Each structure stands twice: as C-alpha cells, then as structure tokens.
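Only one structure is covered here, and it is reproduced in the block below.
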Amino acid sequence: MALLSIENLHLTIPSFEGEAQILNGVDLTLERGEICGLVGETGCGKSLTGLSISKLVASPPARYRQGSIRFDGQDILGLSESAMRALRGRRIGMIFQDPTTNLNPLFRIGDQMIDVALHSTGANRWSTSARREARARSIAMLERVGIQDAHNRLDDYPHQFSGGMRQRVLIAMALIGRPDLLIADEPTTALDVSVQAQILQLLFDIVREDNIAVLLITHNLGVVARLCTHVAVMYAGRIIERGTMADVFNRPRHPYTKALLNAVPTQKTRKGTLQGLGGSVPDPYLPHAGCRFAPRCAWAEARCSEAVPPETDLGHGHGVACIKAGDLA
Amino acid sequence: MIRFIIRRLVLLVPVFVGLTLLVFTISHVLPGDPVKLAAGPQATAEEIASLSREFGMDRPLPQQYWHYATGLLQGDWGQSVLTRRPVAADLKIYLPATLELVFAAIFLAILIGIPAGLISAMTANRWPDYLTRILSLASIAMPRFFLALVLQLIFAMSLAWLPLNGRFPIIDLPPPTITGMLTIDSLLAGDWLAFTTSCEHLLMPALAMSLSPLATITRMMRASTLDVLQQDYVLAERALGLSQSLIILKYVLRNAFSSTLTVIGLYIGWLLSGSVLVETVFDWPGIGLYATKAIVTQDFMPVMGVTLSIGFIFVLVNLVIDLLYGVINPKVRYQ
C-alpha cells in the first residue's frame with residue numbers, strides 16, 4: 084500500500100466572484116523513499132494540494148467536492164482535528180516557503196522548537212524531565228541541520244538568524260518528530276541562490292538517511308532535476324503528467340510538460356530567445372468541459388474540448404492526461 | 011536600558027516647559043479677572059488692587075511666569091486665589107483618588123477586553139463575535155455619565171449591593187495615607203475591612219469609566235488577533251501539530267497584545283483628563299472635579315497644577331508602555 088495516495092481530489096473555494104475550482108481531480112501516489120517534485124505555475128493548486136494532505140485548508144469555506152486522501156491507510160479528510168494533530172509533526176512534517184515569516188518573531192527558537200518536540204512525542208508539557216529531554220533532542224536536531232553552538236542558539240530569537248539558518252531551524256522543527264512524509268512547499272524560493280543549494284543538499288541528505296518520503300512543491304525545474312526521484316506536473320488544479328524523473332524529463336508526453344521544459348533556458352539558448360508559453364492560466368471561476376490546457380495547446384483539436392482527458396498509463400507509472408499522448412511521442 | 015530611561019526622562023523637561031508656557035499663556039489671555047471674582051462683588055478698587063499685589067498678578071506676565079517656574083522647582087505649585095490653599099497640598103489629596111479610579115478602570119478594561127477580543131476573533135462572524143461587537147459598539151456610543159447613572163440606579167438604589175457614591179464612608183476610619191489610593195493603603199495597612207469597603211466604592215465608577223477603553227481594547231484585540239491568525243507562523247505552528255489552545259494562548263496572544271498596548275497607554279491619559287463626568291456623578295473627590303471648579307472660577311494655579319501633573323503621569327505611563335514593548339518584542343529592546 085502506498086504511503087500517500089490522493090485520488091480524484093476536487094476542491095472549491097467560494098469567493099465574491101463565485102466558486103473557484105481550485106483542484107479538479109488530483110491523483111497522486113507517494114511511496115516511502117520517494118522524493119516527488121510537484122511542479123506547475125503559480126496558482127495551479129500545488130500549495131493547496133500540500134496543505135490538503137495535512138488538512139490545513141479551512142473547510143468551510145473551502146469544500147472538498149469529491150475524492151480522497153489516504154495516508155498510511157487513514158482517510159485524511161474524514162479525520163477529526165485531534166486525530167489529525169496526532170499526525171502533524173509526528174508522521175507528517177511541513178516546511179514552507181519563506182523562513183523569515185514562518186517563525187514567530189516574539190519567541191525564542193528554543194521556545195518554539197521545544198513545544199514542537201514535546202508534541203512529537205506526546206510528552207507532558209509541564210514535566211521538567213520531559214522538557215529537559217525535548218531540549219536535548221532539539222539541540223541534537225539543530226546540530227544535525229548544521230547549526231553550530233546549538234546549545235546557546237536555542238535562546239536566540241528568529242531575527243538573530245540569517246534566512247538560510249532560519250530555514251535550517253524550520254527543517255529541524257519539521258523533522259524532529261521523525262515523520263514518514265515531509266511536505267516541502269517551495270523551501271528555497273526565498274533564499275539566496277548560494278544558500279539554496281546548501282539547504283537542498285541538507286534536506287536531501289536527511290530524508291535519504293531517515294528514508295522519508297518527500298513531496299517537494301516547487302516551480303523550479305532545476306531543483307526537481309537535481310533532487311527528485313519522481314515528478315508530477317500540475318496544470319489548473321490537475322496533475323497532467325507524472326512518472327519517474329527520467330520518464331517525465333527525458334520523454335515528456337503532455338504538451339504542457341514539453342512547453343514547460345522548453346521554457347527552461349540552457350547554456351545553448353541563444354541570447355534574447357527565451358521560450359515562453361503563450362496565453363494565460365484558465366479562469367478558475369468559469370465552468371468548462373474538456374482539457375483545460377486546450378486553449379493554449381499547439382496540438383489541440385475539437386475533441387480536446389469535449390471531455391476531460393483521462394490519464395493514460397504509458398508503463399512504469401508514467402501517466403499522461405492527454406488524449407493525444409500516443410501521437411506526441 | 012538605563013540610558014534609554016534617562017533619555018526619556020530628560021525629554022520631560024521640554025515637555026514641561028512647553029506645557030507650562032502654553033497653559034500659562036492661555037489662562038492669562040482669557041477675558042475675566044480671577045482676582046475680581048475672588049474678592050467678591052462688593053470689593054472696592056483698592057481691595058482688588060491689594061489682592062492682586064498679594065498674588066503677584068500686578069507684575070508683567072514674563073515675570074509672573076518666571077516666578078511660577080522657579081517656584082515649581084522648589085516644590086511650590088502656587089496657591090489657589092479662591093481657597094488660598096497651596097495647590098501642591100490639594101493635588102496630594104485629589105490626584106491619588108483619580109489615579110486609583112483610572113488604574114482600576116484600565117485594569118477592568120484589560121481584564122475583560124483581552125479575553126473578549128480573543129474570543130471574538132476566534133469565533134469571527136459567529137454569534138459570540140456578533141455579541142461582543144454589538145456590545146462594544148454600544149459601550150463606545152453610550153455616554154459615560156449616563157452609564158454611571160444607570161449603574162447607580164440598579165446596583166445602589168434598587169439592589170443596594172454597592173454604595174451610591176463617595177470614596178469611603180465618613181463614619182469609618184480610613185487607612186493611614188501612604189499612596190493616597192485607599193485600596194492600596196488599606197492593603198499596606200493590612201486592613202481587610204477597609205480594603206473591601208474601598209473596593210465597593212471603587213467598583214461602579216471604575217466600571218463606568220472602563221467602558222470606552224474596554225470597547226476599544228476588545229475591538230483592537232479582535233482586529234490584531236485576526237491579523238495574527240493570518241500570519242505564516244501560525245500556519246506553521248498548526249502544521250507541526252501544536253494544539254489550538256497552545257497556539258492561541260501562548261503564541262497568538264503575545265503577538266496580538268503588542269499592538270493593543272499602545273492604545274492602553276493613550277487611554278490612561280485620556281481617562282485622566284476626562285474623569286470629571288464620572289467623578290461628578292459618583293461624588294468622587296478627584297482632580298476632574300477639582301480642575302473643573304478651578305476652570306469655572308478662572309483660578310489659574312490649580313488648573314496649571316492639574317495640567318502639569320496629568321502631563322507628567324501621561325509621559326511616565328507611556329515610558330512604562332514603551333519599556334513593556336521591549337519585554338514583549340525582542341526586536342524593540344532598547345540600548
């Protein structure tokens with residue numbers, strides 16, 4: 084059984100303009116030891132997919148119309164808040180984009196980290212021995228993510244750390260409960276390029292060592308290429324192509340994946356010839372039939388707009404949601 | 011830290027010079043003659059002139075100001091033309107009474123307003139939220155003196171739970187004066203009966219006075235809590251499994267409170283200068299009543315004394331608030 088399996092997940096969020104259709108049938112599976120890159124442009128639903136796994140999307144107002152999320156056999160969407168809390172920080176860890184805003188500025192790092200450490204073992208907050216043990220574990224975890232003098236730095240406030248160091252702290256907090264699944268939502272986007280590589284390497288080393296499954300949400304294809312074992316490409320609230328790194332990157336079948344990969348400049352790209360993708364993201368408020376990418380697709384035909392294309396399995400778990408996948412090899 | 015406090019205290023000097031100059035000038039350019047008022051309708055021109063000489067009011071204004079300012083430095087706050095009592099002695103009696111009232115009012119406002127604001131934010135757009143919002147809107151809209159009268163009508167007249175007015179029963183022996191605030195003095199003297207008696211007297215006026223800061227603190231707390239709940243770190247705290255109560259009571263509360271703190275400082279000044287209505291209804295012998303009497307009779311020295319002491323306390327309170335900021339927020343610790 085897969086560690087995580089999302090099936091046909093539909094999510095809508097009401098707003099003044101109507102019901103926004105955010106997720107339109109997301110299918111995703113993740114096994115232990117896999118690092119899956121979830122890529123797609125801004126607003127395609129990557130982050131909300133990640134948040135849904137931890138049941139952190141406020142619902143209501145958001146509504147899950149269809150589909151399910153199963154984590155280790157448990158139906159996430161049916162779990163109570165307290166049952167969900169038993170998973171968060173213990174079996175599912177999360178890291179977010181901007182390390183400067185994800186630590187509470189008014190509390191010492193140690194304060195925040197020890198609370199997370201206490202939760203991860205379910206220890207009694209008021210027990211001195213439990214606190215001492217949580218502190219020791221926090222120090223060990225901070226050292227593991229490369230924070231020197233962790234013993235003293237626990238008493239520092241977030242603003243006394245650099246951006247990269249803060250992200251290390253957040254990684255330490257997410258992993259202190261030894262989770263089975265880590266959801267990393269653009270963990271390096273807000274960092275300097277030089278720091279990005281360090282953080283990614285650190286993350287990669289730890290998840291490999293502890294055999295943690297990772298859902299790496301990003302729009303940076305370079306990051307995916309370097310770290311991931313699997314890729315899922317998302318467009319307008321649906322995963323339109325997924326498979327192993329090699330399959331998707333070397334043999335992309337969906338027109339959108341092809342366009343996305345073409346848009347990445349390489350050293351061979353001539354100056355002034357950046358390859359973009361024409362058109363814009365579909366309006367999430369408009370009802371539609373058929374493939375959402377069709378209006379921007381160079382290969383689109385009349386039948387593309389008739390029905391939502393089902394996912395075709397091309398073997399080894401390489402799935403493509405395009406009716407012309409076979410023709411576009 | 012110490013340097014910060016000293017710097018702020020030094021800043022008091024220009025504030026005081028400005029305050030004295032301003033009040034002094036305004037009170038002297040106003041039409042009317044306090045000496046004439048004090049001397050009475052039958053006074054002759056000579057009597058008025060001699061009284062004027064006695065209070066030094068025949069001298070040119072700059073000289074009068076200089077005389078007043080140098081006197082202040084020696085602890086002489088001038089003398090009331092009307093009662094001939096030294097202003098400093100009057101303030102020693104009236105100021106603590108108002109301070110006690112204002113601090114009790116702010117204490118009540120914080121005690122009720124912070125949890126009310128939190129609850130309101132937690133239940134945003136559901137009935138507990140609507141209830142607190144309506145109540146706080148109503149309490150801002152309702153005049154203080156009116157609420158004071160209603161309270162008296164219910165709790166003193168109908169139910170007879172609380173004394174109608176005053177600070178302390180005349181027939182009882184008040185605690186020995188240390189701070190001038192009866193509740194604190196009675197505690198210091200270990201006199202439990204005097205403490206409960208003074209609390210009973212304090213409760214209604216403090217409640218009437220606390221209404222508008224209570225409403226403001228509730229609304230501020232609600233708004234800032236809602237704002238903090240939107241912050242990334244709250245989502246991160248939830249994502250790592252911290253319980254809702256821990257997140258709210260430990261992490262969100264502190265963030266939300268720091269913006270409410272400013273309002274509290276401002277309100278203390280506002281209540282000090284606006285205490286007269288509540289003091290009148292409850293016959294509370296504070297500086298509000300004292301100042302009003304002095305203003306009506308154009309008795310300058312008490313007016314100056316009240317203005318200066320309110321200014322002094324206001325600056326001091328806001329210094330304490332600024333220091334509290336540093337306690338709450340490590341980024342604003344002062345060197």
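Top to bottom, those sequences are chains V and A. Letter 35 of the first sequence, counting from 1, is numbered 118 in the numbering used here, and no numbers are missing. Letter 9 of the second sequence, counting from 1, is numbered 19 in the numbering used here, and no numbers are missing. Cβ coordinates follow ideal geometry from the N, Cα and C atoms, glycine included. All figures in this text were calculated on a predicted structure; none of them were measured in a lab.
The Cβ neighbour count for F117 (chain A), taken over all protein chains shown within 10 Å, is under 16; the residue is labelled exposed.
Taking the Cα of P365 (chain V) as reference, the smallest distance to any Cα among V:R321, V:D330 and V:Q358 is reached at V:R321. Close to G172 (chain V), with beta-carbon spacing below 8 Å, are these residues of chain A in chain order: A249, L250, G251 and L252. Within a 10 Å sphere around the beta-carbon of D158 (chain V) sit fewer than 16 other beta-carbons, which makes this residue exposed. Inclusion of V327 (chain A) and I278 (chain A) in the CB contact set at 8 Å is warranted, their separation being smaller than that value.
Taking 8 Å as the CB threshold, I188 (chain A) stays off the interface with chain V.
Our two residues, E247 (chain A) and P312 (chain A), have alpha carbons roughly 56 Å apart in a direct line. Distance from the CA of A346 (chain V) to the CA of Q358 (chain V), rounded to the nearest whole angstrom, comes to 5 Å.
With respect to the 8 Å criterion, C119 (chain V) and L298 (chain V) are classified as neighbours on the basis of their beta carbons. With 16 or more other CB atoms across the displayed protein chains lying within 10 angstroms of its CB, D309 (chain A) is buried.
With respect to the C-alpha of A381 (chain V), the residue from V:H371, V:Y147, V:K407 and V:T395 having the closest C-alpha is V:K407. For the beta strand (DSSP E) assignment, the uninterrupted runs of no fewer than 3 residues enclosed by the region 258-286 of chain V are, from N- to C-terminal side, 264-268. Contiguous beta strand (DSSP E) elements confined to the region 171-247 of chain V occur at 175-178, taking only those with 3 or more residues. Counting only runs that start and end inside the region 127-206 of chain A, the alpha helix (DSSP H) elements of at least 4 residues fall at 137-151, 154-161 and 192-198. Shown here, F267 (chain A) sits in a helix according to DSSP, grouped into three states. Note that the C-beta distance between H202 (chain V) and G85 (chain A) is not below 8 Å. What L128 (chain A) touches in chain V, judged by beta-carbon distance under 8 Å, is nothing: the nearest beta carbon there is about 16 Å away.
The beta carbon of A342 (chain V) sits closer than 7 Å to those of L360, all from its chain and outside the five residues before and after it, given in chain order. Note that the region 178-185 of chain A does not touch the region 216-235 of chain A; fewer than 3 beta-carbon pairs, one per stretch, sit closer than 8 Å. Relative to the Cα of I282 (chain V), the nearest Cα in the group V:E269, V:G176 and V:R146 belongs to V:E269. Where V391 (chain V) is concerned, there is no enclosing beta strand (DSSP E), because DSSP gives it neither an H nor an E. In the DSSP assignment, the residues bridged to E324 (chain V) are V:V316 and V:V403.
Put simply, of A:T193, A:L71 and A:I188 the residue whose alpha carbon is nearest the alpha carbon of F113 (chain A) is A:T193.
Interface residue (Cβ-Cβ distance to chain A less than 8 Å): T272 (chain V) is not classified as such. Looking at the DSSP output, Y147 (chain V) sits in a beta bridge with V:L94. Interface residue (Cβ-Cβ distance to chain V less than 8 Å): P153 (chain A) is not classified as such.
Neighbours of M177 (chain V) in chain A, taken as residues at a C-beta separation under 8 Å, are given in chain order as A246, A249 and L250. In this chain, E384 (chain V) is not harboured by any alpha helix (DSSP H), its DSSP state being neither H nor E. Proximity of chain A to S137 (chain V) at the Cβ level (cut-off 7 Å) is accounted for by A249, in chain order. Annotation: the continuous alpha helix (DSSP H) that includes D242 (chain A) extends over D242 to A249. About 14 Å separates the Cβ atoms of S130 (chain V) and L92 (chain V), ruling out a contact at the 8 Å cut-off.
Beyond the five residues adjoining it in sequence on each side, E210 (chain A) comes within less than 8 Å, by CB distance, of L172 and P173 in the same chain, given in chain order. Taking the C-beta atoms as reference points, G321 (chain A) is found no nearer than 8 Å to M230 (chain A).
DSSP places S137 (chain V) outside both helix and strand once states are collapsed to three, so it counts as coil.
Boundaries of the alpha helix (DSSP H) harbouring I58 (chain A): A55 to E64, taken from the DSSP string.
Contact between the region 286-293 of chain A and the region 212-228 of chain V is absent, with fewer than three C-beta pairs closer than 8 Å.
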